[in-house]
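Student:
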Amino acid sequence: GAVVSQHPSRVICKSGTSVKIECRSLDFQATTMFWYRQFPKQSLMLMATSNEGSKATYEQGVEKDKFLINHASLTLSTLTVTSAHPEDSSFYICSASGNRGLEEQFFGPGTRLTVL
Amino acid sequence: GENVEQHPSTLSVQEGDSAVIKCTYSDSASNYFPWYKQELGKGPQLIIDIRSNVGEKKDQRIAVTLNKTAKHFSLHITETQPEDSAVYFCAASFGDMRFGAGTRLTVKP
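Protein chains in written order, with the working numbering: chain X, 1 to 116; chain W, 117 to 225.
Written out as structure tokens, the structure reads:
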């Protein structure tokens with residue numbers, strides 16, 4: 001149990017375009033979903049926390065107008081990178097909690113975004 | 117806020133040996149300490165966790181110990197195998213989860 005999927009797994013886009021990444025909890029209801037960014041050989045950096053049906057809470061330094069997060073249902077959250085630039089290229093990972101308590105997070109497989 | 121330090125950053129062991137990774141945290145309110153294994157190009161996978169009311173937890177070849185007084189916790193892997201090679205992250209949580217910098221473990225056959 002506790003499976004989280006992400007789509008797409010890899011995406012390449014041109015500078016200036018927007019990219020949407022989906023995160024789904026497949027076998028449980030995720031009351032809270034988290035979005036992380038990971039640079040090569042570095043740790044996970046929390047970008048934002050979203051609760052179903054409410055606005056996401058962004059970490060300091062993360063532009064909410066650039067990284068749009070929607071958590072419309074208990075099984076789906078989306079991250080949209082708007083007007084992407086090469087510096088937005090990174091590995092984006094979502095996680096979900098809600099099955100066994102707020103602390104336990106289950107991670108998706110990640111999405112590799114490359115902006116040309 | 118919480119600050120988690122993890123050591124060592126890289127660890128190389130011979131197959132069959134034990135591996136130990138250590139983490140310290142700063143916020144005494146943290147009460148949940150998971151360990152994640154991340155393979156190249158994949159998301160982190162929870163391998164074991166411990167809560168603040170427990171001092172030690174074991175799951176087959178993996179064990180975690182917690183010293184609340186000293187605010188440190190450790191991951192122990194015994195009888196290491198090549199497939200244990202990955203990056204391991206510790207984390208500490210009281211609401212928000214904060215991750216250590218990661219340890220790249222290499223198990224040589």
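Just so it is clear, CB atoms sit at the ideal spot from N, CA and C, and this is done for glycine as well.
What is the DSSP secondary structure of D200(W), reduced to helix, strand or coil?
Tutor: For this step, residue 200(W) is matched to residue 84 along the second sequence. Helix at D200(W).
Student: Alpha carbon to alpha carbon, what distance is there between Y204(W) and V3(X)?
Tutor: The count along the first sequence starts at 1 and reaches residue 3(X) at position 3. The count along the second sequence starts at 1 and reaches residue 204(W) at position 88. Whole-angstrom Cα-Cα distance: 20 Å.
Student: Would the beta-carbon of V115(X) fall within 8 Å of that of S18(X)?
Tutor: Here residue 115(X) refers to the residue found at position 115 when the first sequence is read from its first residue. Here residue 18(X) refers to the residue found at position 18 when the first sequence is read from its first residue. Their beta carbons are not under 8 Å apart, which means V115(X) does not touch S18(X) by this criterion.
Student: When you compare the CB positions of G110(X) and Q6(X), do they come within less than 8 Å of one another, or not?
Tutor: As a first step, residue 110(X) must be located in the first sequence, where it is residue number 110. As a first step, residue 6(X) must be located in the first sequence, where it is residue number 6. Going by C-beta atoms, G110(X) is nearer than 8 Å to Q6(X).
Student: What did DSSP end up calling E241(W) once you bin it into helix, strand or coil?
Tutor: This structure does not reach residue 241(W), given that chain W is present from 117 up to 225, and the question cannot be answered.
Student: Beta carbon of L113(X), beta carbon of Y92(X): below 8 Å?
Tutor: Position 113 of the first sequence, counted from the first residue, corresponds to residue 113(X). Position 92 of the first sequence, counted from the first residue, corresponds to residue 92(X). A contact, by the Cβ cut-off of 8 Å.
Student: Could you compute how far the alpha carbon of K66(X) sits from the alpha carbon of T126(W)?
Tutor: On the first sequence, residue 66(X) is found 66 positions in, with the first residue counted as 1. On the second sequence, residue 126(W) is found 10 positions in, with the first residue counted as 1. Spanning the two alpha carbons is a distance of roughly 35 Å.
Student: Could you give the residue range of the beta strand (DSSP E) that holds P150(W)?
Tutor: Counting from one through the second sequence, the residue named residue 150(W) turns up at place 34. Where P150(W) is concerned, the enclosing beta strand (DSSP E) stretches over 148 to 154.
Student: For I193(W), count the other beta carbons within 10 Å of its own beta carbon; 16 or more makes it buried, fewer makes it exposed. Which is it?
Tutor: Translated into positions along the second sequence, residue 193(W) becomes position 77. With 16 or more other Cβ atoms within 10 Å, it is buried.
Student: Say whether chain X places a C-beta atom closer than 8 Å to the C-beta of G171(W).
Tutor: By 1-based counting over the second sequence, the position of residue 171(W) is 55. Answer no: the Cβ-Cβ gap between G171(W) and chain X never drops below 8 Å.
Student: Report the CB separation of G108(X) from Q29(X) in whole angstroms; it is logged as a contact under 8 Å.
Tutor: To locate residue 108(X), count along the first sequence from 1; it is residue 108. To locate residue 29(X), count along the first sequence from 1; it is residue 29. Contact between G108(X) and Q29(X) does not hold, since their C-beta atoms are separated by about 16 Å, which reaches or exceeds 8 Å.
Student: Which residue's Cα is closest to the Cα of E59(X): V120(W), M213(W), V170(W), D133(W)?
Tutor: As a first step, residue 59(X) must be located in the first sequence, where it is residue number 59. The residue with the shortest Cα to Cα distance from E59(X) is M213(W).
Student: Ends of the beta strand (DSSP E) at E59(X)?
Tutor: For this step, residue 59(X) is matched to residue 59 along the first sequence. No beta strand (DSSP E) contains E59(X), which DSSP labels as neither H nor E.
Student: Name the residue from S146(W), G132(W), Q154(W) whose alpha carbon lies nearest to the alpha carbon of T196(W).
Tutor: In the second sequence, counting from the first residue as 1, residue 196(W) sits at position 80. Of the candidates S146(W), G132(W), Q154(W), the one whose C-alpha sits nearest the C-alpha of T196(W) is G132(W).
Student: Hey, could you find the ends of the beta strand (DSSP E) T52(X) is sitting in?
Tutor: In the first sequence, residue 52(X) corresponds to position 52, counting from 1. The displayed chain sequence assigns Glu, not Thr, to residue 52(X). Run containing E52(X): none; DSSP gives neither H nor E here.
Student: Could you confirm whether any beta carbon from chain W is found closer than 8 Å to the beta carbon of G108(X)?
Tutor: Within the first sequence, residue 108(X) is the residue found at index 108, counting from 1. Chain W, which has a Cβ nearer than 8 Å to the Cβ of G108(X), makes this yes.
Student: Which of the three DSSP states, helix, strand or coil, is assigned to D143(W)?
Tutor: The residue given as residue 143(W) occupies position 27 in the second sequence. In this structure, D143(W) counts as coil in the three-state DSSP scheme.
Student: Beta-carbon of Q161(W) versus every beta-carbon of chain X: anything under 8 Å?
Tutor: Within the second sequence, the letter at position 45 stands for residue 161(W). Yes, Q161(W) counts as interfacial toward chain X.
Student: For F189(W), go through chain X and note every residue whose CB falls closer than 7 Å to its CB, in chain order.
Tutor: Along the second sequence, read from residue 1 onward, the residue named residue 189(W) stands at position 73. Those within 7 Å of F189(W) in chain X number zero; the least Cβ separation is about 14 Å.
Student: By DSSP's criteria, L113(X) is part of a beta bridge. Which residues make up the other side?
Tutor: On the first sequence, residue 113(X) is found 113 positions in, with the first residue counted as 1. Per DSSP, V11(X), S90(X).
Student: Under 7 Å between beta-carbons, which chain W residues line up against E52(X)? List them in chain order, please.
Tutor: What you label residue 52(X) is simply residue 52 of the first sequence in a count that begins at 1. Those do not exist, as E52(X) stays about 17 Å from chain W at its closest Cβ, beyond 7 Å.
Student: Kindly indicate which residue of Q154(W), D143(W), K138(W), T140(W) has the alpha-carbon position closest to the one of D200(W).
Tutor: Your numbering for residue 200(W) matches position 84 in the second sequence. Of Q154(W), D143(W), K138(W), T140(W), the residue nearest in Cα terms is Q154(W).
Student: Is S77(X) close to chain W? Criterion is C-beta to C-beta, closer than 8 Å.
Tutor: By 1-based counting over the first sequence, the position of residue 77(X) is 77. Cβ-Cβ to chain W under 8 Å: no for S77(X).
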